[in-house]
Each structure stands twice: as C-alpha cells, then as structure tokens.
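Down below is the structure, laid out as structure tokens.
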Amino acid sequence: MRTEFTAEQLRAPQMREADAILRKCVHCGFCTATCPTYLLLGEENDGPRGRIWQIKTMLETGRADAATAAHLDRCLACLSCASTCPSGVDYGRLVDIARVRLEHAPRARVWHRRLARALIAAVVPYPRRLKWALRLARPGRFAAPLLRRAGPLRPLAGMLEMAGAPPDPLPRAPEVFPPQGTAQGRVALLAGCAQSVLAGRIGRAAVHLLTTAGYEVVMPSSAGCCGAVVAHMGKEERAKALARANIAAWERARVDAVLIDASGCASTIADYGRLLADDPQWADAAARIAAKARDIGVFLAASELPPMRAPRDMTVMFHAPCSLTHALQQAATPPELLRRAGFQVATPAEPHICCGAAGVYGVFEPEISNALRQRKLANLQAVEAAVIASANYGCMAHLQGSAARPVVHYLELLSWAAGGPAPAGLA
-12 MRTEFTAEQL
-2 RAPQMREADA
8 ILRKCVHCGF
18 CTATCPTYLL
28 LGEENDGPRG
38 RIWQIKTMLE
48 TGRADAATAA
58 HLDRCLACLS
68 CASTCPSGVD
78 YGRLVDIARV
88 RLEHAPRARV
98 WHRRLARALI
108 AAVVPYPRRL
118 KWALRLARPG
128 RFAAPLLRRA
138 GPLRPLAGML
148 EMAGAPPDPL
158 PRAPEVFPPQ
168 GTAQGRVALL
178 AGCAQSVLAG
188 RIGRAAVHLL
198 TTAGYEVVMP
208 SSAGCCGAVV
218 AHMGKEERAK
228 ALARANIAAW
238 ERARVDAVLI
248 DASGCASTIA
258 DYGRLLADDP
268 QWADAAARIA
278 AKARDIGVFL
288 AASELPPMRA
298 PRDMTVMFHA
308 PCSLTHALQQ
318 AATPPELLRR
328 AGFQVATPAE
338 PHICCGAAGV
348 YGVFEPEISN
358 ALRQRKLANL
368 QAVEAAVIAS
378 ANYGCMAHLQ
388 GSAARPVVHY
398 LELLSWAAGG
408 PAPAGLA
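For the sequence shown, the numbering used here gives the first residue as -12, with consecutive numbering after it.
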C-alpha cells in the first residue's frame, strides 16, 4: 500500500511504525474471510481491509471523525486477520496506534461513550474499586434491559450486567506458597483484576498445580492488572503505569518466570518490552520481565506434572480464546495438557472465530457481541461434552451467560485431576 506521510510526520516513532505496517498491506482481502465483524455485517469498513484504509487516512490527515471511531470501536482486536494475512501485516499493533490517536481526539466519540470508557478505565483494572462498584451496582442490575433501550445509557446497561456474576475473590495473603516435595523453581503468578474478584478459583487451581509440581509461587500484593483493558482503549499512559507497577513487584520477587493464567493478559505482558522501550528508566527491566513472561499452559507443558487421573470417559469441549490462538499461537497447548491428564478433548467448528467477549466489548457493542456468542455456542454445543473449557476468564464469563453446560477454566480440570476440588457444576 502506498502511503503519503510527510517527513515531519515520520519523525514520530509511532508514525514510522505505522508507515512500515501499512506498506506491507496489498489489499488482497484474504483477511475479510476470517474477520468476525465482516462476516456478520458484510460492510467493507467493518473488516480489516477497510479499517486499514481508514487508519491510513486518519494518520495521514491527522483528522479523526465519528465514522472512523465507530468502525474501529467495532473491531474486536481478535487478530484472526493477522493469522490469515499472507503479507505479515501487524494489524494488532496498527489498530493500537490508531486507538491511541483516537483517544486524543475526544470529539470523535459521543459524550456518553466517553464517560463509560472513563468509568471502566477508572474501575475495572483496580480490584478494590471493582469490588465496591459491583456491590453498588448489584441492586440496579435488573434495570439493565430497560437501559438497553435508552441510547445514551446503553453502556451503563452493559456495566450493570457485569454485576450479576457472584463474587469469588482470590485472597492476596499469603503472598508466597511453598512447593510440595523437591523444589523446582520460584515463579510469580499474575493475580490480575476482574478475574481476581470474580473467579478466584482459577488462581487457586493454578497455585495447586504449580506447588504440587514443586514450584514456589509468589503473588506480590503490589502487582495487579496487566494493563490490557486500558491499552486496548488507547489509554497508553495508564497501561504503562500498570506495567511499571507489575515490573517493580516481579523484579523485587526475584523469580525464574512470570506465569499468567489468562491468555489475554499473557499477550499483553509479553509486550511490556515494546511498551516501555522508550523509557530509559524502565526499558531494561521491562525487557527482562517480558522475556520471563509465560502463558501458564506453555510452562506446565514443559514441566514434570504431578500424577493426574481424570474422571473416566469425560469429554471436554475446548474453546481456544483469540489471544491464545492468534496472539500467542498456543491453541494446541491446553488440549494437550488435558489429554495428558486423561480427559477426552473435542474441538468445535470455526475455532478461529471470536466468541464476542473481547474484554469489555459487550458493554459498547452488545448486538455484535451477543450474535458472536450464539454462533460460538452453537458450535461448542454441537458435540456432546460434559463441560466447556477455556483459557481466559473473559471468554468464560461471556459464554456462561447463555451456555447449557458448565464453562470452566482448563486449569480447574487439571487441578481436579491432580487431587484438587471439582469445578462448579461437575461435583
């Protein structure tokens, strides 16, 4: 693709990066065949090819309008297009650059959308704030269907619906969990934000597996949200602040590896080196932590695990999150671990298509999010299985809202097979 940036524009590092990415695109359209929003809407500007053209125009002209913001906000950032692209276009990085630009063009979005984005950014990444917000919101969640019909209040409806999930906090003390048997190493485990408030059972399963495999597990109380929520909103400085806090905590802990049990967070932490590359005070530490970051499944697959015995003839339908499939390219790892534990594993049709969760996407684009959920569940439930398993809490919570079967994290199943408690719905 030909670009027309000025020499002055290309002095900015992000512009040079965007220019190099744009020049790789040949507008072939292969990406449209695997883009969830293009498949649903059939609109050129709601597919990767159309969005790339809009990003190019916005960056070249310096003008961000409401139409461009709407089409980019409808992008799930699932990166299915990047996996499909024969030219190696780094669409994920390009859309991140574009969203940073949009964040500095407030008139591109209507006031109520800006307000909802600000509220989410101020609450969701911080577990204590999120706990209080959920408590305050629970009495009003029954008003969500009514608010869905009121245009400016639709994002509020999405936030109230989040309050329906029962709390399951992950205790932040003790911070260190000793290994069982011969020590194999010392690792940090990300506690995270929403997952630590609503699905602490995932962290407990991870700790059980790691300690029984001989690892000392450290969960520093000063480490928290990975920064993905704000980063995908284009709030880059907030993402950097969260990254610095995590890096400082893990550097002090002196660990061999930083393990992440949510695939969406894993892809974000692996990018810390690039995120803080221009910060002379933090660049080296960020690169060290990024190099230590591991998706927990990849780490476990390379470790000697405790003896496991899965329930006889139990079939697990595995849903691979987009972050695991496209960003980390490790979709085969959890099914491999489940089979090693004795489970039978099934995979659905269209495994590359997003389930519609995409972080807080459903708050702003409920129709698209729900349509993708129904499409995904139709495929996941087309084969007889006792349970649906995934590797990302956001996907789990989104699917569970309409699923006819229990939806759990695959670590819960592995922990169960290793002598831990049975996941909810399977006891």
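A virtual CB, placed ideally from N, CA and C, is assigned to each residue, including glycine.
Outcome for Ala307 when other beta-carbon atoms lying within 10 angstroms are tallied against a minimum of 16: Within the sequence shown, numbered from 1, the residue matching residue 307 stands at position 320. Answer is buried; the Cβ neighbour count reaches 16.
Whole-angstrom distance between Val347 and Cys354, CA atom to CA atom: Counting from 1 along the sequence shown, the entry for residue 354 is found at position 367. Counting from 1 along the sequence shown, the entry for residue 347 is found at position 360. Cys is not the amino acid found at residue 354; the sequence shown has Glu there. Near 13 Å, if we compare the C-alpha coordinates of Val347 and Glu354.
Straight-line gap, Ala200 to Val97 (C-alpha atoms, nearest Å): Sequence index remark: in the sequence shown, residue 200 carries index 213 (1-based). Sequence index remark: in the sequence shown, residue 97 carries index 110 (1-based). So the two alpha carbons sit approximately 51 Å from each other.
Helix, strand or coil at Ala280 according to DSSP, with G and I counted as helix: Residue 280 sits at position 293 when you count from the first residue of the sequence shown. Of the three classes helix, strand and coil, the one that applies to Ala280 here is strand, per DSSP.
Chain B within 8 Å of Ala376, Cβ atoms only: No chain B appears in this structure, which consists of one protein chain only.
Cβ pair count under 8 Å reaching 3, the segment 292 to 310 against the segment 249 to 257: yes
Residue of Leu401, Ala411, Met(-12) minimising C-alpha distance to Leu196: Along the sequence shown, one-based indexing puts residue 196 at 209. The shortest Cα separation from Leu196 among Leu401, Ala411, Met(-12) belongs to Leu401.
Counted within 10 angstroms of its Cβ, other Cβ atoms place Val332 as buried (16 or more) or exposed: For this step, residue 332 is matched to residue 345 along the sequence shown. When all chains shown are included, Val332 counts as buried.
When Trp237, Ala319, Arg188, Pro335 are compared against Gly407, the one with the closest alpha-carbon: Here residue 407 is taken as the residue at index 420 of the sequence shown, counted from 1. Checked all of Trp237, Ala319, Arg188, Pro335; the closest Cα to Gly407 is Arg188.
Element boundaries [alpha helix (DSSP H), containing Gly172]: Locating residue 172 in the sequence shown gives position 185, counting from the first residue. Segment 172 to 176 is the beta strand (DSSP E) holding Gly172; no alpha helix (DSSP H) there.
Spatial neighbours of Cys342 in its chain, beta-carbon cut-off 7 Å, leaving aside the 5 residues before and after: One-based indexing of the sequence shown puts residue 342 at position 355. Excluding sequence neighbours, Cys342 sits near His306, Leu359, Arg360, Lys363, Cys382, His385, Leu386.
Within the segment 31 to 81, ranges of the alpha helix (DSSP H) (whole runs, at least 4 residues): 35 to 48, 53 to 60, 67 to 71
Three-state secondary structure (DSSP) of Val242: Looking up residue 242 in the sequence shown gives position 255. DSSP places Val242 in coil when its eight states are reduced to three.
Rounded straight-line distance, which links the Cα of Ala7 to that of Pro73: Taking the first residue of the sequence shown as 1, we reach residue 73 at position 86. Taking the first residue of the sequence shown as 1, we reach residue 7 at position 20. If I take the Cα positions, the gap works out to 16 Å.
Start and end residues, beta strand (DSSP E) containing Tyr202: Taking the first residue of the sequence shown as 1, we reach residue 202 at position 215. Taken as a continuous stretch (DSSP letters only), the beta strand (DSSP E) holding Tyr202 covers 202 to 205.
Which listed residue (His219, Thr198, Ala372) has its alpha carbon closest to that of Ala175: Along the sequence shown, read from residue 1 onward, the residue named residue 175 stands at position 188. It is Thr198.
Cutoff 7 Å; reference Val285; Cβ partners in own chain excluding five residues on either side: The residue given as residue 285 occupies position 298 in the sequence shown. Closer than 7 Å at the Cβ level, and outside the excluded window around Val285, lie Gln317, Thr320.
Per-residue burial, Leu(-3) [other beta carbons within 10 Å of its own, 16 or more giving buried]: Here residue -3 is taken as the residue at index 10 of the sequence shown, counted from 1. Exposed.
Residues that His99 bridges to, as DSSP identifies them: Residue mapping note: residue 99 aligns to position 112 of the sequence shown, counting from 1. Answer by DSSP bridge pairing: none, since His99 is not bridged.
Through-space distance from Ile84 to Ala228, alpha-carbon basis: Taking the sequence shown and counting its residues from 1, the one referred to as residue 228 is at position 241. Taking the sequence shown and counting its residues from 1, the one referred to as residue 84 is at position 97. Roughly 18 Å between the two C-alpha positions.
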